[in-house]
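Asker: With mature numbering (1 follows the signal peptide of the UniProt record, and there is no 0) as the guide, the letters of the sequence shown map in order to residues -30 to -1, 1 to 351.
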Amino acid sequence: MLVHSSSRWPRSLPLAVLLAAAALLHRRTARELAPSLEAALQTGEVPAAALSASCAADATASLVFDAFGTSLAGKLALVTGGSSGIGLAVALAMAKRGATVVVAAHHEEKAAEAAALVRRLAGRGEVHSMAVELSSLASVRAFAEAFLGRFSSLDYLVLNAGIIDGRGKTEDGYDEMFQVNFLSHALLTELLIEPLRSSRGLIVSTSSGTSENACESLGACHTRFCECLSDFRWLPPPVVPPHPVVLHLASGPSPSMSSTYGISKWAQIYWTKAVVAREAARGSGVRGFSWTPGLVQTGLFDPNNASLPSGYRLPYWYRLPDQAAAVLALLVAAPDAFQNGGYFSRDVMCQDRVPVDHGLTDEMLPALLDHVNALVGLRAA
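#1: For the structure I just gave you, are there three or more beta carbon pairs, one from the stretch 287 to 298 and one from the stretch 6 to 17, closer than 8 Å?
#2: On the premise that Cys320 lies in contact with Leu7, defined as a C-beta separation below 8 Å, what is that separation, rounded to the nearest angstrom?
#3: Do the stretch 172 to 187 and the stretch 79 to 98 make contact, defined as three or more Cβ pairs closer than 8 Å?
#4: Please check the pair Ala114 and Leu162, which I expect to be a contact at CB under 8 Å, by giving their CB distance rounded to whole angstroms.
#5: Measuring only the C-alpha atoms, how far is Ser315 from Thr262?
#6: Between Leu309 and the rest of its own chain, which residues show a CB-CB distance below 6 Å, the 5 nearest in sequence each way excluded?
#7: So is Val73 buried or exposed if we call it buried at 16+ other beta carbons inside 10 Å?
#8: From this set, Arg89, Asp135 and Ser24, which residue's C-alpha is nearest Tyr231's C-alpha?
#9: Using a 10 Å radius around the Cβ and a threshold of 16 neighbouring Cβ atoms, would you call Pro208 buried or exposed?
#10: Using the C-alpha atoms, what's the distance from Phe38 back to Ser177?
#11: Indicate whether Phe241 and Leu339 have their beta-carbon atoms separated by less than 8 Å.
#12: Under 7 Å Cβ to Cβ from Glu197, same chain only, skipping five residues before and after it: list those, please.
#13: Please report the residue range of the beta strand (DSSP E) in which Val174 lies.
#14: For the beta strand (DSSP E) that Gly222 lies in, which residues bound it at each end?
#15: Relative to the C-alpha of Arg120, which candidate in Lys139, Leu48, Gly52 and Gly171 has its C-alpha closest?
#16: Can the beta-carbon of Asp145 be found closer than 8 Å to that of Ser106?
#17: Looking at Ala65 and Gly95, is the spacing between their C-beta atoms short of 8 Å?
#18: In the DSSP output, what is Met100 paired with across the bridge?
#19: Assuming Gly57 is part of the alpha helix (DSSP H), what are its boundary residues?
#20: Which residue comes first and which comes last in the alpha helix (DSSP H) that contains Val209?
#21: Helix, strand or coil for Tyr144? Go by DSSP, reduced to three states.
#22: In whole angstroms, what separates the C-alpha of Arg349 from that of Asn343?
#23: Give the straight-line distance between the Cα atoms of Glu333 and Ile233, rounded to the nearest whole angstrom.
#24: Is the separation between the beta-carbon of Ala63 and that of Phe35 shorter than 8 Å?
#25: Give me, in chain order, the residues of the same chain whose beta-carbon lies closer than 6 Å to that of Val(-14); leave out the 5 immediate sequence neighbours on both sides.
#26: Span of the alpha helix (DSSP H) holding Gly119?
#27: Mind reading off the beta-carbon distance from Leu158 to Leu124? Whole number of angstroms is fine, and I expect it under 8 Å.
#28: Just how far apart, CA to CA, sit Ser200 and Phe148?
#29: From the DSSP output, read off the bridge partner residues of Lys139.
#30: Which class does His341 belong to by DSSP, given the choice of helix, strand or coil?
#31: Can you tell me where the alpha helix (DSSP H) holding Val49 begins and where it ends?
#32: Could you tell me if Gly347 is buried or exposed, where buried requires 16 or more neighbouring beta carbons within 10 angstroms of its beta carbon?
#33: For Leu205, tell me which candidate among Gly68, Leu153, Leu3 and Val71 has the shortest Cα-Cα distance.
#34: In three-state terms, what does DSSP make of Arg194?
#35: Determine the DSSP secondary structure at Arg349, reduced to helix, strand or coil.
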């Protein structure tokens, strides 16, 4: 349900005000709104002024929540990768709106330090810290057990943790980047699905535009659009030794290095779609989205990292974490205004972004879900 103050944002806005706000919004974005947002704007379900502020290039997570008058009091959010970057920005923005936030991170001390910082800056809400090692499925299971022992509900599951410099195979036998960025998050979600169902919760997966070149990065093909994922031969991917590759980006060919990062981010998008489709069929009320923040000033993207395409290593392109997190905040503030299971981008704020399927079809989504569950030792949820 859309959370906003009905006294501040009446559903029946005067047409002139609605059109003026919409015109301002379109001038600021220079693009069309996502169809679902356009419909919500026209019906008054989404306040025009709030949407105009939220879709601006300089919007932040805090600004979005303020614009919608969002209250998260009584809600529980779990944020992986919450000790720095986007995760920390999300944790702080949600805590400021009254949410109880669990900051999950690789290092226990860093998680505790981040939780203390959020607690101090937010000045409200409860903030907890928990450690989880995403390169270990056993650690994920232990984390989920501990979480369920402390909390009985879960309203927001923000799957944000990620690495870009995997170091071979994990103890579970998988490529480290694929497991940390995706596979462990899939296991965590399934282990926490019951509290998500009881709360009619929201899953948000942080993906990346590198998903568009997932097959090229693996060396499975040498074009941007190929069908290396029309079956599950590349899931899980092999550990790929670093070697030069050429990625065919939208802007043209760009030298890079081989990587499993792209396929880990591709998997997040389509696995999220698969989970959402299953939950819709069950009528559980669990919703989900994936999104890409673009280039952000975090520890993940080092301007001197040679594995990134050369055109990406320009510091002045990078957004601040709170600016990147504006998309996530908008999905939390107005989830019913977005296509369930959709993929969104900070670069084209307030629009649908069409992911590259690499040969996967909608009909294959249930099989994808079963395949992933088998990889982590689960039966169908």
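For each residue, glycine too, the CB sits at the ideal point set by N, CA and C.
Answerer: This is what the structure gives:
#1: no
#2: 6 Å
#3: no
#4: 6 Å
#5: 5 Å
#6: Per the sequence presented here, residue 309 reads as Gln, with Leu not at that position. So the qualifying residues of the chain are Ser6.
#7: buried
#8: Asp135
#9: exposed
#10: 25 Å
#11: Per the sequence shown, the amino acid found at residue 241 is Trp instead of Phe. Their beta carbons are under 8 Å apart, which means Trp241 touches Leu339 by this criterion.
#12: His328 and Gly329
#13: Leu172 to Thr176
#14: Gly222 to Met227
#15: Leu48
#16: no
#17: yes
#18: Ala74
#19: Gly55 to Lys66
#20: That residue, Val209, is in no alpha helix (DSSP H); it is neither H nor E in DSSP.
#21: coil
#22: 6 Å
#23: 20 Å
#24: yes
#25: Its pLDDT being 32, under 50, Val(-14) is placed unreliably in this model, and the coordinates cannot settle the point.
#26: Leu107 to Arg120
#27: Not quite, the Cβ-Cβ distance comes to about 11 Å (not below 8 Å), so this is no contact.
#28: 18 Å
#29: Asp145
#30: helix
#31: Where Val49 is concerned, there is no enclosing alpha helix (DSSP H), although the beta strand (DSSP E) it sits in stretches over Leu46 to Thr50.
#32: exposed
#33: Leu153
#34: coil
#35: coil
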